[in-house]
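Numbering (this note's numbering), first residue to last: 370 to 715.
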């Protein structure tokens, strides 16, 4: 489906059907970059991600990269992999991120635990210089002692939830370490606060699963294999609440973060001036040219400063559809072309 790709980006073309049966041709692209001495450059080989990637077992470890085989996102996702950083040991660390119209601020503590002495109490957090940005250190997780293995659907891999009926009062349990000012770690571990993080959200977690639609007997008998009629494309947003950017991202958008680099260094850079656009061609001579939306910024601070950008566009097709060609320009030049906008609507 993708014929010519004259860009340095990795890209793929594929076909998708909307819930109403409309056939769509999709083009998705990804670029990997690194920042060194204040300069942004391409980071080695440019590769697609063809399946969601996890640190380990998907049901026990966090997602680290999301598949590019997504047809449409209503907004842009911003995610961060890395850690809270402090120049010296402290019991309370802070980090924040601002991109375009969104910003999010989080706090983290050193390790602490819940213990029962007349009532559940939390120990004093240990001073640390580093706390991983990991959903396993946030609120949520399995309900300790619950015989059916139930979990908090908001974050199934969190630190763990004290169950008032099943959790033994004779044990100590790790307390969450990551939280926000709006949703702090409360005094009652049977009522966990809202899970907070900067990392990608898995598709079966509540924040995404609620948009997946209804897969019942009626759907199976009358609508399968199409997506359910009540499917919502917000299902494909992988960023946690607070890091989804309405109106997408644009070249030149400023990215600022604190508390995530060694030595209290600030992260501050502009998105590169890259504007991929695609030509959808048909055998009867018709052409549709569309600018791809910049719908993902995925920052990885685990080794140096790296980030991936993802772009996407789609167009309705018919049996006469032939091919997609991908090209690259500067943002102002491509915007001045007045390209087709039908790919913006889900």
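We put the CB at the ideal spot given by N, CA and C, even for glycine. Just so we're clear, the structure is a prediction, and the values are computed from it rather than from any experiment.
Taking residue i as part of the alpha helix (DSSP H), name the residues at either end of that continuous run.
i           : result
residue 700 : 700-704
Determine the DSSP secondary structure at residue i, reduced to helix, strand or coil.
i           : result
residue 423 : strand
residue 454 : strand
residue 632 : helix
residue 577 : helix
residue 586 : helix
residue 506 : helix
residue 535 : coil
residue 463 : strand
residue 604 : helix
residue 591 : helix
residue 665 : strand
residue 543 : strand
residue 660 : strand
residue 570 : coil
residue 670 : coil
residue 612 : coil
residue 618 : strand
If I follow the unbroken beta strand (DSSP E) through residue i, where does it start and stop?
i           : result
residue 450 : 445-450
residue 473 : 471-478
residue 374 : 371-374
residue 623 : 623-627
residue 434 : 432-434
residue 485 : 482-485
residue 495 : First-last for residue 495: undefined, no H or E at that position.
So, is the C-beta of residue i closer than 8 Å to a C-beta in chain C?
i           : result
residue 425 : In the displayed structure, chain C is absent; only one protein chain is listed.
Can residue i and residue j be called in contact, C-beta distance under 8 Å?
i           : j           : result
residue 528 : residue 544 : yes
residue 461 : residue 448 : no
residue 596 : residue 451 : no
residue 675 : residue 412 : yes
residue 645 : residue 475 : no
residue 532 : residue 554 : no
residue 694 : residue 659 : no
residue 605 : residue 473 : no
residue 666 : residue 618 : yes
residue 458 : residue 496 : yes
residue 546 : residue 620 : no
residue 397 : residue 381 : yes
residue 567 : residue 502 : yes
residue 631 : residue 454 : yes
residue 633 : residue 465 : no
residue 526 : residue 569 : no
residue 471 : residue 697 : no
residue 436 : residue 677 : no
Would you decide whether residue i is buried or exposed? Buried here means 16 or more other CB atoms lie within 10 Å of its CB.
i           : result
residue 574 : buried
residue 540 : exposed
residue 585 : exposed
residue 390 : exposed
residue 386 : exposed
residue 712 : Legend: pLDDT at residue 712 = 47, less than 50; position of this residue unreliable, value from coordinates given subsequently. With 16 or more other Cβ atoms within 10 Å, it is buried.
residue 565 : buried
Is residue i close to the ligand SAH? I mean its beta-carbon at under 7 Å from any heavy atom of the ligand.
i           : result
residue 598 : Only the bare structure without any ligand can be found here, which leaves the ligand SAH out of the picture.
Can you name the residues that DSSP bridges to residue i?
i           : result
residue 403 : 410, 675
residue 394 : 384, 684
residue 694 : 373, 648
residue 511 : 520
residue 637 : 625
residue 490 : 484
residue 528 : Answer is none; residue 528 lacks a bridge partner.
residue 548 : 476
residue 468 : 471, 624
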